[in-house]
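Engineer:
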Amino acid sequence: MELEILLCPLYFGGYNESLVALNGHFGKASCQGTPNYNANPPVVKFNFSMLDDSLSACSNKVTIIEETGSGVFSDYSKIQYVNISGTINTYDPSGATIVYRQELMYLYSCKYPLQYLTNKTEASVSGVSLAIRDNNGSFISTLSMRLFQDVSYTSPLRVPSSGLSLKTRIFVEVRATNLTQRFNVLLDRCYATTSHFPLNSTYYDLFVGCNYDIQTVMGINGDSQKARFSFEAFRFVQDSNRTVSTYYVHCATRLCEKLFCGSLKQNCSGGSGGLRRRREVTSVSDTATVTSGPIITKMNNDGTEEHSGDSDGNRTVLGVATAAVLMGVFCIATIAAIFYRIHHSKTAATDKTILHH
1 MELEILLCPL YFGGYNESLV ALNGHFGKAS CQGTPNYNAN PPVVKFNFSM LDDSLSACSN
61 KVTIIEETGS GVFSDYSKIQ YVNISGTINT YDPSGATIVY RQELMYLYSC KYPLQYLTNK
121 TEASVSGVSL AIRDNNGSFI STLSMRLFQD VSYTSPLRVP SSGLSLKTRI FVEVRATNLT
181 QRFNVLLDRC YATTSHFPLN STYYDLFVGC NYDIQTVMGI NGDSQKARFS FEAFRFVQDS
241 NRTVSTYYVH CATRLCEKLF CGSLKQNCSG GSGGLRRRRE VTSVSDTATV TSGPIITKMN
301 NDGTEEHSGD SDGNRTVLGV ATAAVLMGVF CIATIAAIFY RIHHSKTAAT DKTILHH
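Everything in the sequence shown is counted per UniProt numbering, starting at 1 for the first residue and increasing by one.
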């Protein structure tokens, strides 16, 4: 976490960058700021991580707030926020009984939502190198998403340039690192889209709460600082005429306080698993994005063989139909010939009777 204050007001008040610290901890280097003279205007920057030791070392106050989801988080009934607050104090080294310069005090309060949209953009089933972008100075720098090819989540997914075969199982892990142990990772929804952007594009839900695709297998979720699930590689129908299908995987991710995670998780023991639910793409914007290289699936050879088999079947049906038609014509001709001979015999007999009389 970074915090900056302007350097010029300090100089104007008779102080400098060495005479300010977080919450009055002037003797701790980790609580002091670093000047940046190249910034315009120049600033003093304070850095501290979200680890418990770092937060307590400088006496930062951490408060968890629960609110009703609104704005970009309006799709969720409960949203947790973490509020980090404290003061930046100035120090007078003179030690005099009286002073003529005014003490400066900065009050800071930073509020962050513990929910983000984590994008595994271009999950074109191939590369897995990750580039984490910190869009708004939030905790997203502690989140990462990786793809694996084994159930033990030890072997990164390797994909040939031609793409993965259909029904290849892909193991997904979203993990938080360098984060205080007070929080766990909880996935609300993961889905695939045909576009780099999660909104306004064709999508397919891998799971939404307890409702998940029949090929999706849930692992741990909300119980530690990593969440895991797996699904089978597939193709979008709109790519039926293409040799490969490329899509992107997105996960709406929360960081929830351990004691509160249980109330956020839905009860999935009621037999609702395996049900598919289509819904509009949520209004949660990609406030934070984790990006990977492209998931590409190839067209299996089985499809071509099935098509060839269908053609052979069609030819067989056509041959049988032709034979049936010819047999029908032959039967009709035979019956007509029999009737003709009977009629001809009766006519001849009648003529003989007339001649005899």
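By construction, the Cβ of each residue, glycine as well, lies at the ideal position given by its N, Cα and C atoms.
Please read all numbers here as calculations on a predicted model, not as lab measurements.
Which residues in the same chain as N60 place their Cβ atom closer than 6 Å to its Cβ, once the five residues preceding and following it in sequence are excluded?
Structural biologist: Excluding residues within five positions, the ones whose Cβ falls inside 6 Å are I84 and G86.
Engineer: Check whether the Cβ atoms of T243 and T194 lie closer than 9 Å to each other.
Structural biologist: No, the Cβ-Cβ distance between T243 and T194 is not below 9 Å.
Engineer: If you check the beta carbons only, do F229 and F207 fall under 9 Å apart?
Structural biologist: Yes; because the gap between Cβ atoms is below 9 Å, this pair is in contact.
Engineer: Taking the straight line between their C-alpha atoms, what separation do you get for D239 and Q215?
Structural biologist: One C-alpha to the other measures close to 20 Å.
Engineer: Please determine, among M299, A227, G14 and Y11, the residue with the shortest C-alpha to C-alpha distance to T168.
Structural biologist: Closest by alpha carbon: M299.
Engineer: Short check: CB of A176 to CB of Y248, under 9 Å?
Structural biologist: Not closer than 9 Å, so no.
Engineer: On the DSSP letters alone, give me the boundaries of the alpha helix (DSSP H) that F48 sits inside.
Structural biologist: That residue, F48, is in no alpha helix (DSSP H); it is neither H nor E in DSSP.
Engineer: Going by DSSP in three states, L179 sits in which element: helix, strand or coil?
Structural biologist: Here L179 sits in strand by DSSP.
Engineer: Pick helix, strand or coil for K28, following the three-state DSSP scheme.
Structural biologist: K28 falls in the coil class under three-state DSSP.
Engineer: Distance check for R235 and L114, CA to CA, integer angstroms please.
Structural biologist: Each residue's Cα considered, the two are about 33 Å apart.
Engineer: Can you name the start and end residues of the beta strand (DSSP E) that K258 belongs to?
Structural biologist: Careful: K258 lies outside any beta strand (DSSP E), inside the alpha helix (DSSP H) at K258 to L264.
Engineer: Applying the criterion that 16 or more other CB atoms from any shown protein chain within 10 Å of the CB defines a buried residue, is R146 buried or exposed?
Structural biologist: So R146 counts as buried.
Engineer: Is K120 helix, strand or coil when you go by DSSP?
Structural biologist: In this predicted model, K120 has a pLDDT of only 49, less than 50, meaning its place in the structure is not dependable; the value taken from the coordinates is given anyway. Correct three-state label for K120: strand.
Engineer: Got a sec? Which residues, its chain only, sit under 8 Å from P41 by beta carbon, not counting five neighbours each side?
Structural biologist: Only L6, L7 and C8 meet the Cβ criterion.
Engineer: Among F231, K111, D223 and Y203, which residue has its Cα nearest to the Cα of E67?
Structural biologist: Comparing Cα-Cα distances from E67 to each of F231, K111, D223 and Y203, the minimum goes to K111.
Engineer: Let me know the secondary structure DSSP gives C190 once reduced to three states.
Structural biologist: Strand, per DSSP.
Engineer: Less than 9 Å separating the beta-carbons of V185 and L143?
Structural biologist: Closer than 9 Å, so yes.
Engineer: From Y11 to C58, what does the alpha carbon distance come to, in whole angstroms?
Structural biologist: Each residue's Cα considered, the two are about 24 Å apart.
Engineer: Since C110 is in the beta strand (DSSP E), which residue starts that stretch and which ends it?
Structural biologist: Taken as a continuous stretch (DSSP letters only), the beta strand (DSSP E) holding C110 covers M105 to P113.
Engineer: Let me confirm a value: V128 is counted as buried when at least 16 other C-beta atoms fall within 10 Å, else exposed. Which label applies?
Structural biologist: Because the pLDDT of V128 is 25, which lies under 50, any placement of that residue in the model is unreliable, and the question is left without a value.
Engineer: May I have the straight-line CA-CA distance separating L164 from A21, to the nearest angstrom?
Structural biologist: Their Cα atoms are separated by approximately 54 Å.
Engineer: For the candidate residues G14, Q80, G33 and V174, whose alpha-carbon lies nearest to that of V99?
Structural biologist: Minimum Cα distance to V99 is reached at G14.
Engineer: For a test of the three-state rule: what should DSSP assign to V151, helix, strand or coil?
Structural biologist: Note: V151 maps to coil in three-state DSSP.
Engineer: Quick check on the burial criterion: 16 or more other C-beta atoms within 10 angstroms. Buried or exposed for A96?
Structural biologist: By the 10 Å Cβ count, A96 comes out exposed.
Engineer: Are C256 and G222 touching if we call contact CB-CB under 9 Å?
Structural biologist: Taking 9 Å as the Cβ cut-off, C256 and G222 qualify as a contacting pair.
Engineer: One question on the structure: do A252 and L187 come within less than 9 Å of each other, judged by their Cβ atoms?
Structural biologist: Yes, the pair counts as a contact, with Cβ atoms nearer than the cut-off.
Engineer: Which residue comes first and which comes last in the alpha helix (DSSP H) that contains F229?
Structural biologist: Counting along the chain, F229 falls outside any alpha helix (DSSP H), though it belongs to the beta strand (DSSP E) covering K226 to E232.
Engineer: Between R182 and K226, what straight-line distance do the alpha-carbon atoms span, to the nearest angstrom?
Structural biologist: One C-alpha to the other measures close to 13 Å.
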